[in-house]
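Following our numbering, the numbering of the sequence shown begins with 28 at its first residue and continues without gaps. Where is the CB? At the ideal position from N, CA and C, for every residue including glycine. Before any comments, here is the structure.
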Amino acid sequence: MKKTQQITVLGATGSVGLSTLDVIARHPDLYQVFALTGFSRLKELLALCVRHSPRFAVVPEQEVARGLQDALAAAGLDTRVLVGESGLCEVAAHPQVDTVLAAIVGAAGLRPTLAAVEAGKKVLLANKEALVMSGALFMQAVHRSGAVLLPIDSEHNAIFQCLPVDYSRGLGTVGVRRILLTASGGPFRETPLADLMGVTPEQACAHPNWSMGRKISVDSASMMNKGLELIEACWLFDARPSQVEVVIHPQSVIHSMVDYVDGSVLAQLGNPDMRTPIAHALAWPQRIDSGVAPLNLFSIARLDFQAPDEQRFPCLRLARQAAEAGNSAPALLNAANEVAVAAFLNRRIRYPEIASIIDEVLNLEPVVAVQELDAVFEIDLKARTLAEQWLSRNGR
Ligand code: NDP
Ligand code: MG
28 MKKTQQITVL
38 GATGSVGLST
48 LDVIARHPDL
58 YQVFALTGFS
68 RLKELLALCV
78 RHSPRFAVVP
88 EQEVARGLQD
98 ALAAAGLDTR
108 VLVGESGLCE
118 VAAHPQVDTV
128 LAAIVGAAGL
138 RPTLAAVEAG
148 KKVLLANKEA
158 LVMSGALFMQ
168 AVHRSGAVLL
178 PIDSEHNAIF
188 QCLPVDYSRG
198 LGTVGVRRIL
208 LTASGGPFRE
218 TPLADLMGVT
228 PEQACAHPNW
238 SMGRKISVDS
248 ASMMNKGLEL
258 IEACWLFDAR
268 PSQVEVVIHP
278 QSVIHSMVDY
288 VDGSVLAQLG
298 NPDMRTPIAH
308 ALAWPQRIDS
318 GVAPLNLFSI
328 ARLDFQAPDE
338 QRFPCLRLAR
348 QAAEAGNSAP
358 ALLNAANEVA
368 VAAFLNRRIR
378 YPEIASIIDE
388 VLNLEPVVAV
398 QELDAVFEID
408 LKARTLAEQW
418 LSRNGR
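Below, the structure is given as structure tokens:
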């Protein structure tokens, strides 16, 4: 009989975390929840523990942990509550865990995701920021430990599905000409440029096709998400930035494509629902039901494509610049973006100023080689400090 896979869900209370738990709950014979982690949505974390009876739960602080531990005991559960980054790393690397779903948002996910990689787990990667910040070190750790890294970012999962199994021999060797990374263009694809100064966080978070966490929703509106995904694709598939072309496809039905030298273009299609890439990666190389409705091509009727406009989406240009510079540049870009997006969500800056802050940080801080993880966190901190300086200099 097949062994039930033990799964740790890092970022269980988030959008990707919840989609993952939905898929897992459909297959109790295949998957069992080993650990769940949350940060601010603690009532939701308690409810998830009651639903899935994990061995461990992780929260950020000791006091919160005590409260959750009491509530779990009152509910008759023997789930043990761990605390902070060390708790996250412990449940990511635990010897009894088979698969780790890395769905914490932002730089906070880097250490726990790397802990899973270093322990040689099957790692389902949603936390693209971790790979963007530390790409070279991250991929070295994957190769050293033998971890199986599977992308669940929908575009990268699509590309993975369209590549041959031996793509790691080199994209050129297996006949790939280009990766075509699709983007919806977000809620501001057609907003008059002059109106962008007045757009609100609510408008930025109202994505036309996908329901996601707030940070990635703003990244999608600015197309920084596509920029981060360009860098993510380069690391995952050993591609040069020039081999990855961004294509705006407003329907979000094609999740990305691979263009081969013989003129064939392979695409992966599906309804925009993260449960498809999650189910694909969980079961890979098998297939399981994800709960996603079959694609109805007749109701979609047409698929459109257009080139991205870098004047409208300066963040995409900045990300490509950082991808080409390599070394510390992507970590600078990511940290400056995290500060700028948080400032926009807190109404401290206007939407176009997200790009201004990132541009300044990239201009002020020289690009250096990165040899170790501590250096990545130093670069991250430098970029955050420079972004905060922009905010205080501009009275925000
Ligand atoms: P959400 O904001 O919905 O969820 C983020 C998760 O991370 C929550 O569980 C949150 O806890 C937790 N978290 C936040 N800050 C910290 C911290 N400092 N320490 C530990 N945990 C923390 O985000 P999404 O689910 O939308 O995105 C998660 C990741 O997946 C991101 O990297 C995103 O780019 C990527 N992704 C998301 C997609 C989507 O469709 N949503 C698609 C592709 C990639 P709490 O909620 O309890 O505060
Ligand atoms: Mg994506």
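Contact between the segment 149-158 and the segment 254-274 is established, with three or more Cβ pairs separated by less than 8 Å. The C-alpha of residue 238 lies about 22 Å from the C-alpha of residue 177.
Scanning 292, 400 and 231 for the CA closest to the CA of residue 371 turns up 231.
The beta carbons of residue 184 and residue 307 sit closer together than 8 Å.
With contact defined as three or more Cβ pairs closer than 8 Å, the segment 114-125 and the segment 57-73 are in contact. By the beta-carbon neighbour count (other beta carbons within 10 angstroms, threshold 16), residue 30 is exposed. Taking the Cα of residue 172 as reference, the smallest distance to any Cα among 189, 149 and 191 is reached at 149. Taking the CA atoms as reference points, residue 225 sits about 26 Å from residue 410. Not one heavy atom of the ligand NDP falls within 7 Å of the beta-carbon of residue 141. Here DSSP, grouped into helix, strand and coil, assigns residue 330 to coil. If you ignore the 5 residues before and after residue 46, its C-beta comes within less than 8 Å of the C-beta of 300, 301, 302 and 305, all in its own chain and listed in chain order. Residue pairing for residue 272: DSSP places it in a beta bridge opposite 207.
Its Cα nearest to that of residue 105, the residue 77 stands out among 90, 344 and 77. For the ligand MG, the residues with a Cβ under 6 Å from any of its heavy atoms are, in chain order, 180, 181, 182 and 256. Residues of the same chain with a CB within less than 7 Å of the CB of residue 394, apart from the 5 flanking positions on each side, are 352, 354, 355 and 356 in chain order.
Only residues of its own chain outside the window of five on either side were considered, and among them 38, 41, 154, 156, 240, 242 and 243 have a CB closer than 8 Å to the CB of residue 132, listed in chain order. With 16 or more other Cβ atoms from the protein chains shown falling within 10 Å of its own Cβ, residue 392 counts as buried.
For residue 66, the three-state secondary structure derived from DSSP is coil. Relative to the Cα of residue 175, the nearest Cα in the group 143, 200, 400 and 260 belongs to 143. Spanning the alpha carbons of residue 396 and residue 264 requires a straight line of approximately 21 Å. For the 8 Å CB-CB criterion, residue 86 and residue 204 do not form a contact. Rounded to whole angstroms, residue 271 and residue 206 show a C-alpha spacing of 5 Å. Here residue 53 has 316 and 318 as same chain residues with Cβ atoms under 7 Å from its own Cβ, once five neighbours each way along the sequence are excluded. Nearest to residue 122 by C-alpha distance, out of 128, 100, 147 and 140, is 147. Short note on residue 72: C-beta closer than 7 Å to some heavy atom of the ligand NDP.
For the ligand NDP, a non-hydrogen atom lies closer than 7 Å to the CB of residue 42.
Within the same chain, and ignoring the five residues on either side of residue 110 in sequence, the residues whose Cβ sits closer than 6 Å to its Cβ are 89 and 92. Partner residues in the beta bridge of residue 281, as assigned by DSSP, are 296. If you draw a straight line from the Cα of residue 95 to the Cα of residue 135, it comes to about 21 Å.
For residue 338, no alpha helix (DSSP H) segment is defined, and its DSSP state is neither H nor E. Straight-line spacing of the CA atoms in residue 165 and residue 269 works out to 22 Å. Taking a contact as a CB-CB distance under 8 Å, the pair residue 125 and residue 32 counts as one, their CB atoms being some 5 Å apart.
Collapsing the DSSP output to three states places residue 129 in a strand.
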